[in-house]
Structures are given as structure tokens and as C-alpha cells.
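Input: a single structure, listed below in C-alpha cells.
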Amino acid sequence: MQDLTDVASGVPGALPGQAGLDFEGWSCPVPLRDVPTVVMGHGGGGAMSGELIEHLFLPAYGAAAATDLGDSAVLSVGAGTRLAFSTDSFVVKPMFFPGGSIGDLAVNGTVNDLAMSGATPLFLSTAFILAEGTELSVLGRIAQAVGRAAEDAGVRLVTGDTKVVERASGDGVYLNTSGIGVVPAGVDINARRARPGDAVLVSGDIGVHGVAVMSCREGLEFGTAVESDTAALHGLVAAMLATGADVHVLRDPTRGGVSASLNEIARASEVGIELVERLLPVPSEVRDACSLLGLDPLQVANEGKLIALVPAEDADRVLAAMRAHPLGRSACSIGSCVPDHAGMVVARTGLGGSRVIGLPIGEQLPRIC
Numbered sequence: 067m068q069d070l071t072d073v074a075s076g077v078p079g080a081l082p083g084q085a086g087l088d089f090e091g092w093s094c095p096v097p098l099r100d101v102p103t104v105v106m107g108h109g110g111g112g113a114m115s116g117e118l119i120e121h122l123f124l125p126a127y128g129a130a131a132a133t134d135l136g137d138s139a140v141l142s143v144g145a146g147t148r149l150a151f152s153t154d155s156f157v158v159k160p161m162f163f164p165g166g167s168i169g170d171l172a173v174n175g176t177v178n179d180l181a182m183s184g185a186t187p188l189f190l191s192t193a194f195i196l197a198e199g200t201e202l203s204v205l206g207r208i209a210q211a212v213g214r215a216a217e218d219a220g221v222r223l224v225t226g227d228t229k230v231v232e233r234a235s236g237d238g239v240y241l242n243t244s245g246i247g248v249v250p251a252g253v254d255i256n257a258r259r260a261r262p263g264d265a266v267l268v269s270g271d272i273g274v275h276g277v278a279v280m281s282c283r284e285g286l287e288f289g290t291a292v293e294s295d296t297a298a299l300h301g302l303v304a305a306m307l308a309t310g311a312d313v314h315v316l317r318d319p320t321r322g323g324v325s326a327s328l329n330e331i332a333r334a335s336e337v338g339i340e341l342v343e344r345l346l347p348v349p350s351e352v353r354d355a356c357s358l359l360g361l362d363p364l365q366v367a368n369e370g371k372l373i374a375l376v377p378a379e380d381a382d383r384v385l386a387a388m389r390a391h392p393l394g395r396s397a398c399s400i401g402s403c404v405p406d407h408a409g410m411v412v413a414r415t416g417l418g419g420s421r422v423i424g425l426p427i428g429e430q431l432p433r434i435c
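Take any residue in the sequence shown, count from 1 to its spot, add 66: that is its number in this note's numbering.
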């Protein structure tokens, strides 16, 4: 094996004739699978997150694990009543960004996780983890945002918790929200229900939230006017279900974006999914920002959009219901499920070719949810 220690500089890792790079202290979100410690990619919602769940959490939980790994768990509690239960933690940085804050993000995120099973959200908990030194005025703004978002969504904040960690152990405010909702009779929405022929619908422009957060982060200002699309989607879901359509799958494409959600659906249902690139609703500001950073808009997080897979014969009436709702005015069809290449997502390009849309491996940029 070649010894990469530069003879002249004596720096390990240096190439011959160069002064070498000092890797000490580097903190990088680049995905690394064979690592002995947690890295940012483990929380990115992509392949590394999935591997952590599959190879560490589920084996460790053993027989106690009872989950289909959806956005929320649907639990039968007798007499035909089914509850949806979900929990999520929010560590977004910065805590305030164009169009929202960690407060409304935490409420809307858990409401949407419940809504993706067709549930009507009812109750939420809030658990704050605060770093010593956080200004109370900042905490007060976040708490007000939590209250407003919950009121707007029609959910009650029924329990909570507060912990404080030492100044060097945290970074401002972290917030966990858990929620309970009721699933209406006859509603069966699950990632395993996609079928060949299903239409793939999206409720509007994609990549907006991720770019909004990145645009205001120190050192990553694009000069755009993009605002986060964070919103509670259960009203939109209710309007879709009211059409009587047999909605097979719903997902809100947060971490990992549209790419991660569709790959998870394709694998769970063992179907292929084909997208038409020219139909993807990517705003010019998002496209420009992604080009600058070398990102794929399909992998950028959203917080107020949903993906729906519905039978082709139901697609038009579901789209009409979505477009009649304030949060679905720009809804469109972006592709369909196919019997070929089961478990894979493929995009048809404008030139008549195709490209595989893979599951993101790790974190493109940290802490946008």
C-alpha cells in the first residue's frame, strides 16, 4: 500500500509535493456507510436512515417492534375504531426561516404524518429540549408559533415536557411533537397498496421548503424570495377522500424529498414508478438554487406538499378536488405506476431517454426539518 505521507511536509494524507490537508475537526454531511459513529446522513431520511432502522433499531427492538414503517401507525382499538399515532422531532437550523419557524413546522409535520393515513388529527404533545442560554424571547416566539399552528389545524395540545441541556450540549431549541388522530371507516391508505396503472399526483411545486431554509442559512444566501410551504394538509386529504376515490397511498415528501417517498412506495408495493420530467412542478427559483448547489430538486425536502397514488380512473376527480382546495391549486399528475422494474423509480427525460431516480443516500444539507 502506498504511503501517502508527504516526505517533504511529513503530513499524513498529503500527496507528494503538496502540503497536505488537515482532516482533523472536519464535520461533513457526505454520506458514509461504513462508519463507527452517527453521522448527519443517518438523519437525512435516505438510504442511511433506512439502514439504521433496518439493521440497528428493529433488531434491537426484537419482538416488541410492531410497525409497518409508515408516516404513522394505524391501531385498532376495538368496536371498529382505528387511531393513527405518530411522533417526530424537529431540529431545523435556523429556527426561523422565510415562511415559518420550528414551531409551526413541528405542528404541521405531525399533523401531516397523521393525515397521510387518512386520519383526522385531534391531539398533539409538545416536548422541548432547550440549550442553556437560549433567550426566553426566542422561546416565546416559537411557543406562539406552536399555538397558532395548532389552532389553525384544529388540534389540541394536551400534554408536554421540557428539558434543558448544558450550553455546549445543544443548539437552541429542539422540539418533538406526537399526535393522535382517528381514521374514518373504510379508509385504507398504505405504502403497500400502490398498483400498476395508478396515477402519481403531487399537490404543487416541489423543493420549496428546503430551498427556503437553505436560502437564509449563513453562507448560503441565493437572493431568492422563496418561502417555506409548511402547512397542515389534513383538510386537503379530507377533500380528496370526499370524492369517494380509492386513494391507495399518501406521503408528504419531507426529508429525502419526492425521490425518497416514491422509492419507499415502489419498494413497499413492489411496483415500478415512472415519472415524466417535463411534468415535474419545479419553480424556477428552486431549479436555479439547486443548480448552484448541485442538488436534485426531487431530493429536496418539502413540508406542505403531498404525493397521492390513485387508480387511473379516479385521477381526474381527485385532481379536481385538490385544485379546488387552497393547498392544492397547482396539483398535477407527474407519472404512473408500471409493472416493469419493480421497486425502482425511473424518470422519462425530454429527449426520450430515461434515468433512474435513486433513493438519496444521506443528507444533502443538514437540518432542514
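Just so it is clear, CB atoms sit at the ideal spot from N, CA and C, and this is done for glycine as well.
Check whether the Cβ atoms of residue i and residue j sit closer than 8 Å, and answer yes or no.
i      : j      : result
Arg321 : Leu372 : no
Thr192 : Val212 : yes
Ser420 : Ala355 : no
Ser335 : Arg258 : yes
Ile208 : Gly236 : no
Ser183 : Ser142 : no
Ile427 : Gly111 : no
Leu375 : His314 : yes
Ser294 : Gly409 : no
Ser269 : Gly394 : yes
Asp264 : Ala378 : yes
Leu364 : Ser325 : yes
Val177 : His300 : yes
Asn329 : Val404 : no
Leu205 : Val239 : yes
Leu124 : Ala130 : no
Gly323 : Val366 : yes
Return the CA-CA distance between residue i and residue j, expressed in angstroms with no decimal places.
i      : j      : result
Leu98  : Ala386 : Interpretation of Leu98 is limited by its pLDDT of 46, a score under 50 that renders its predicted location unreliable; no figure is taken from the coordinates.
Val231 : Leu196 : 6 Å
Val342 : Leu190 : 38 Å
Ser402 : Glu201 : 49 Å
Leu359 : His108 : 21 Å
Asp406 : Gly424 : 16 Å
Arg333 : Arg261 : 12 Å
Cys435 : Asp254 : 28 Å
Arg383 : Ala304 : 14 Å
Arg389 : Ile119 : 36 Å
Ser203 : Asn368 : 28 Å
Leu346 : Val158 : 26 Å
Ala219 : Leu417 : 43 Å
Leu87  : Ala234 : Any answer about Leu87 is weak, because its pLDDT of 38 lies below 50 and its placement is not dependable; what the coordinates show is given next. Computed Cα separation, rounded: 28 Å.
Val422 : Phe156 : 30 Å
Thr225 : Asn242 : 12 Å
Leu171 : Ile339 : 29 Å
Ala297 : Val337 : 30 Å
Phe162 : Thr228 : 20 Å
Ala291 : Ile272 : 15 Å
Pro349 : Met114 : 28 Å
Gly175 : Ser167 : 12 Å
Asn256 : Gly136 : 8 Å
Glu217 : Leu307 : 23 Å
Val277 : Thr133 : 32 Å
Ala126 : Glu351 : 44 Å
Glu198 : Asp380 : 53 Å
Gly128 : Thr415 : 44 Å
Pro102 : Ala185 : 39 Å
Gly116 : Ser327 : 12 Å
Start and end of the beta strand (DSSP E) containing residue i?
i      : result
Asp154 : Arg148 to Phe156
Thr186 : Thr186 to Ala197
Val279 : Run containing Val279: none in the beta strand (DSSP E); it sits in the alpha helix (DSSP H), Val274 to Ser281.
Ser294 : Counting along the chain, Ser294 falls outside any beta strand (DSSP E), and DSSP gives it neither H nor E.
Ile339 : Gly338 to Val342
Arg389 : Counting along the chain, Arg389 falls outside any beta strand (DSSP E), though it belongs to the alpha helix (DSSP H) covering Ala381 to Arg389.
Ala413 : Val411 to Arg414
Cys403 : Cys398 to Val404
Arg421 : Ser420 to Val422
Val105 : It is not in any beta strand (DSSP E) - Val105 carries neither H nor E in the DSSP assignment.
Ala130 : It is not in any beta strand (DSSP E) - Ala130 carries neither H nor E in the DSSP assignment.
Leu417 : Looking at the DSSP string, Leu417 is not in any beta strand (DSSP E), and its letter there is neither H nor E.
Leu267 : Ala265 to Val268
On the DSSP letters alone, give me the boundaries of the alpha helix (DSSP H) that residue i sits inside.
i      : result
Leu307 : His300 to Leu307
Val173 : Ile168 to Ala181
Ser115 : Ala113 to Leu118
Leu141 : It is not in any alpha helix (DSSP H) - Leu141 instead sits in the beta strand (DSSP E) that spans Ala139 to Ser142.
Ala126 : Leu124 to Tyr127
**Study point:** Contact between the stretch 239-257 and the stretch 142-149 (3+ Cβ pairs under 8 Å)
**Key:** In short, these stretches touch, since the Cβ pair count reaches three.
Exercise for review: Would you mind listing the alpha helix (DSSP H) stretches within the stretch 204-261 that are 4+ residues and don't spill past its ends, in chain order?
Suggested key: Those alpha helix (DSSP H) runs which fall completely within the stretch 204-261 and span 4+ residues do not exist here.
Check your understanding: Which whole runs of the beta strand (DSSP E) in the stretch 312-372 are 3 residues long or more, in chain order?
Key -> Runs of the beta strand (DSSP E) inside the stretch 312-372: 315-317 and 338-342.
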